[in-house]
DNA sequence: AAACGGATGTTATACAATAACACTCGTCTG
DNA sequence: CAGACGAGTGTTATTGTATAACATCCGTTT
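Residue numbers (our numbering), protein chains in the order written: chain A, 5 to 146; chain B, 5 to 146.
Structural data, given as structure tokens:
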């Protein structure tokens with residue numbers, strides 16, 4: 005059940021393609037850099053496209069990185085969980101229903117009504133954990 | 005078991021006091037504004053104090069707001085969970101061991117080793133949910 | 001033709017964070 | 001005591017992130 009909500013404009017499609025192709029988070033200015041020479045010359049255009057894509061659930065914003073990634077399973081969800089490798093930059097989107105429910109339950113214990121839940125885990129991915137077993141790794145790729 | 009790690013400098017103490025007194029998140033520049041006239045005139049000083057306080061576990065950074073709050077239960081934890089009311093700005097720090105464990109479990113299923121887990125819930129606090137029952141509230145206080 | 005919604009362009013600016021360098025001060029140490 | 005060191009700070013400048021405000025364009029509706 006692929007959800008196709010609104011038609012995307014040229015720029016919006018282009019931004020989504022760039023994010024998908026990158027396979028890793030890109031900042032708005034990374035995107036702007038790639039779009040210069042294609043008629044896009046200023047931040048607002050990029051931010052507007054990103055805003056739309058996030059609204060449509062096609063792109064996620066990683067708050068702790070000030071960057072954006074294409075959603076791995078486009079699906080309008082108010083919750084996103086990411087595992088971010090601080091060593092190689094790999095970002096994995098996790099999906100876990102029970103977690104979402106538990107979070108909603110925990111917050112609503114205090115009467116809170118959550119509309120947007122963001123979970124971002126920082127650490128080391130499997131590959132990087134294996135390589136640097138206990139070593140002081142430099143961290144932070146790209 | 006109050007943990008007192010390192011003595012704090014004048015500026016660090018001042019920043020922590022300001023955050024505690026505010027009882028809500030403040031940006032680095034909010035703090036700078038309050039510290040002008042006390043000999044603090046530039047961002048680096050504030051950021052350095054905040055960095056130290058975060059390291060000591062006395063202050064948390066809210067990634068989704070680019071702001072800082074005094075930790076409600078100073079305690080060196082790699083995990084913080086916050087419920088952020090988008091209407092009145094109230095921020096509540098939640099503590100839930102099982103959640104932390106579940107998160108660690110979920111991520112490690114894919115071989116990920118988490119060193120820092122951030123959970124930020126956006127929505128409406130109990131008071132604001134009660135007031136605006138279904139109404140289109142303006143959102144975003146301050 | 002006029003009105004509108006959605007997207008874009010453009011200029012300027014605000015807000016967030018850090019780099020690089022010099023300086024002070026207290027403590028340790030030979 | 002002299003020198004070295006670490007932690008904190010001051011200062012200037014710069015980079016990076018995001019938005020305000022206003023004008024334009026275009027397709028659709030009425």
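Don't be surprised by glycine CBs; every beta carbon is placed ideally from N, CA and C.
If we call anything under 9 angstroms between Cβ atoms a contact, is residue i one with residue j?
i, j, result
"residue 33/A", "residue 11/A", "no"
"residue 107/B", "residue 131/B", "no"
"residue 13/A", "residue 56/A", "yes"
"residue 90/B", "residue 64/B", "no"
"residue 123/A", "residue 123/B", "yes"
Tell me, to the nearest whole angstrom, how far the beta carbon of residue i is from that of residue j; I am working on the premise that it is less than 8 angstroms.
i, j, result
"residue 87/B", "residue 68/A", "Wrong, their Cβ atoms sit about 18 angstroms apart, outside the cutoff."
"residue 53/A", "residue 15/A", "5 angstroms"
"residue 73/A", "residue 36/A", "Their Cβ separation, rounded to whole angstroms, is 16 angstroms, which puts residue 73/A and residue 36/A out of contact at 8 angstroms."
"residue 97/A", "residue 76/A", "5 angstroms"
Give the straight-line distance between the Cα atoms of residue i and residue j, rounded to the nearest whole angstrom.
i, j, result
"residue 126/A", "residue 121/B", "6 angstroms"
"residue 85/A", "residue 41/B", "43 angstroms"
"residue 29/B", "residue 19/B", "12 angstroms"
"residue 39/A", "residue 51/A", "12 angstroms"
"residue 31/A", "residue 118/B", "23 angstroms"
"residue 146/A", "residue 103/B", "In this predicted model, residue 146/A has a pLDDT of only 48, less than 50, meaning its place in the structure is not dependable; the value taken from the coordinates is given anyway. Going by the C-alpha atoms only, they are around 31 angstroms apart."
"residue 62/A", "residue 83/B", "28 angstroms"
"residue 135/A", "residue 92/A", "11 angstroms"
"residue 21/A", "residue 49/B", "41 angstroms"
"residue 109/A", "residue 116/A", "9 angstroms"
"residue 6/A", "residue 99/B", "Summary for residue 6/A: the model assigns pLDDT 47, below 50, so the residue's position carries little reliability; its value from the coordinates is reported in the next sentence. Between residue 6/A and residue 99/B, the C-alpha separation is close to 37 angstroms."
"residue 101/A", "residue 105/B", "16 angstroms"
"residue 147/A", "residue 45/A", "As shown, chain A starts at 5 and ends at 146. That puts residue 147/A outside it, with no answer to give."
"residue 43/B", "residue 27/B", "24 angstroms"
Who does residue i pair with in a DSSP beta bridge?
i, result
"residue 165/B", "Any answer about residue 165/B is impossible in this case: the structure gives chain B only from 5 up to 146."
"residue 84/A", "122/A"
"residue 71/B", "66/B"
"residue 36/B", "According to DSSP, which records beta bridges pairwise, residue 36/B is partnered with nothing at all."
"residue 42/B", "In the DSSP output, where bridge partners are listed per residue, residue 42/B has none listed."
"residue 96/B", "87/B"
"residue 30/A", "72/A"
Quick one: is the Cβ of residue i within less than 8 angstroms of any heavy atom of the ligand SAM?
i, result
"residue 72/B", "What this structure holds is no ligand at all, so the ligand SAM is not there to describe."
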